[in-house]
Amino acid sequence: MTSESTLDDEDTFKILIATDIHLGYMEKDAIRGNDTFETFDEILKCAKQNNVDFILLGGDLFHDNKPSRRTMHKCMELLRKYCMGDQPIMFEILSDQAVNFGNSNFPWVNYLDENLNISIPVFSVHGNHDDPTGADGLCALDLLSCAGLVNHFGRSRSVEKIEISPLLLAKGSSRIALYGIGESG
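Numbering (my numbering), first residue to last: 2 to 186.
Here's what the structure looks like:
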């Protein structure tokens, strides 16, 4: 191995981290209505252009707990445009996916789903604006997760007893652990 290291080597994770995007904020405003969608488009475009291994969203992807149909549609459109495709995933998940994604009916990472072609995986925790509420304890991220567009992790079944199980990832000889816990209200 040479002393020069590149960001494209087989042991280096390239991660784009974004948070507090607040999709749908002021969406009915004539001037600022598309701002959050344009910002999300730029984030995803940057991830694709820089050939990142994955995107990590730190919460508040949505501004409202129950985003409008327009907001959900635009979000799904952008994720499909930039994050689906045939580009191979160059890292693996080592942790127990049934634990990491146990709140989902599809308790595995989306890029391993034989029915999907994911080129850039998106991992996300929920924030206080997009937290799971109501009788079913669902949020917009759960819809995106069910559609196979994001990997929603860091959910806790109880605010009294919080258990955190990190996502353990490997790329070449590198190992990382992602700890995440969504906002609990």
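Backbone N, C-alpha and C define an ideal beta-carbon position, used for all residues, glycine too.
Closest Cα partner of N52 within the set L58, I22, Y83, D36: When each option's Cα is compared against that of N52, the closest is Y83.
Going straight from the alpha carbon of C147 to that of N101, what length do you get? Approximately 15 Å between the Cα atoms of the pair.
State the DSSP-derived secondary structure class of V100, mapped to helix, strand or coil. The DSSP-derived three-state label of V100 is helix.
In terms of residues, what are the limits of the alpha helix (DSSP H) holding I44? Counting along the chain, the unbroken alpha helix (DSSP H) around I44 starts and ends at 36 to 50.
Taking C-alpha atoms, which residue in R70, D54, L24, V126 lies nearest to I94? Closest in alpha carbon position to I94, among R70, D54, L24, V126, is D54.
Pick out whichever of A141, E28, I22 has its Cα sitting closest to the Cα of D42. Considering only alpha carbons, the answer is I22.
Looking at the structure shown, is T72 part of a helix, part of a strand, or coil, going by DSSP? Correct three-state label for T72: helix.
Using a Cβ-Cβ cut-off of 6 Å (strictly less than) and excluding sequence neighbours within five positions of S4, which residues of its own chain qualify? Any reading at S4 must be qualified, since the residue scores a pLDDT of 46, below 50, and its modelled position is unreliable; no value is offered.
Check whether the Cβ atoms of G183 and G155 lie closer than 8 Å to each other. Result yes, Cβ atoms of G183 and G155 sit closer than 8 Å.
Within 10 Å of its beta-carbon, does E28 have 16 or more other beta-carbons around it, so buried, or fewer, so exposed? Classification for E28: buried.
Candidates N106, Q98, R71: closest to N35 by CA position: Of the residues N106, Q98, R71, the one whose Cα lies closest to the Cα of N35 is R71.
Which value, in whole angstroms, describes the spacing of the CA atoms of P167 and A31? Approximately 42 Å, taken between the alpha carbons.
Please name the residue or residues paired with H153 in a DSSP beta bridge. In the DSSP output, where bridge partners are listed per residue, H153 has S125.
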